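Taking it in order: structure first as C-alpha cells, then the write-up.
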Amino acid sequence: MARLRFSANVSWLFPELPSLPARLRAAGSSGFEAAEVGWPYAEPPEALARAAREAGLRLVLINTPPAAAILQKVGRPNLQLQMDIFHWQIMDGNLTGNIREFLPIVGHVQVAQVPGRGEPGSPGELNFPYLFQLLEDEGYKGYVGCEYQPQEEGQGGLPGTAFPSLGSGNGDSSGESGLGEP
15 MARLRFSANV
25 SWLFPELPSL
35 PARLRAAGSS
45 GFEAAEVGWP
55 YAEPPEALAR
65 AAREAGLRLV
75 LINTPPAAAI
85 LQKVGRPNLQ
95 LQMDIFHWQI
105 MDGNLTGNIR
115 EFLPIVGHVQ
125 VAQVPGRGEP
135 GSPGELNFPY
145 LFQLLEDEGY
155 KGYVGCEYQP
165 QEEGQGGLPG
175 TAFPSLGSGN
185 GDSSGESGLG
195 EP
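In my numbering, the protein residues as written are 15 to 196.
Here's what the structure looks like:
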C-alpha cells in the first residue's frame, strides 16, 4: 500500500507571511518536503525556484486548468489531472466513485474541508481518514497538496502530525462520512 506524501500549498498556508518565497521557507522549516503554488504569477520564477531550493523543497505543482476528458483522449502520461477534493465535493460529490474512476490519470491531489476550506479534521462534510485510506488503497503515489486555511497561525497542519485533530475526520459524531461510505 502506498503511503501518502503531503505538500504545502503556499498560496494558502502561512498567510501571515507576505511573499511566496517566505512561505516556501516556512514550509521547509515546518518539515514539508514538497510545495505547490496556486497562483505564482506575481513572483519572478527565479525567486520561487531559489527559495524552494534553499528550503529543501520540491515544487510539485503550479496550477493550470486541465480537464479529464481532454486528458483521457490525449492519453499522454506526462499530462495528468489535478484532483482538488474541495472543489470536486462542491461540484459533483461522489468522491469515492470519482477517485476510483479518475485516479489513473491523476498526478496531484489537493485537500481542504467543505465548507469553509478548513484543514482535514476541522468540522465539515468530508471524512478525511476514509478518503486518505481510499487514496492509499487505490495506489496513489503522488503528493497530497494542503490547500486549506490552517486552524492556527504559523502552522501548516502537517507533516509529521498526521492531522492530530482528525478524530472521526468529518467533524460530527455520527460516524457518517457524508460520502455514502462508512
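Each residue gets a CB set at the ideal place from its N, CA and C atoms; glycine is no exception. Everything numeric in this text was worked out from a predicted model, so none of it was measured.
- When the alpha-carbon of Tyr144 is set against those of Ala49, Ile99, Ala69 and Gln165, the nearest one is in Ile99.
- Going by DSSP, Gly121 is part of the beta strand (DSSP E) stretching over Val120 to Val125.
- With a threshold of 16 other beta carbon atoms within 10 Å, Gln124 meets it and is buried.
- Assignment of Phe20 by DSSP, reduced to helix, strand and coil, places it in the strand class.
- Per the coordinates, the alpha-carbon of Leu148 lies some 36 Å from the alpha-carbon of Glu57.
- Gly132 is not a Cβ neighbour of Gly156, given a cutoff of 8 Å.
- In this structure Trp26 is buried. Its beta-carbon is surrounded by 16 or more other beta-carbon atoms within 10 angstroms.
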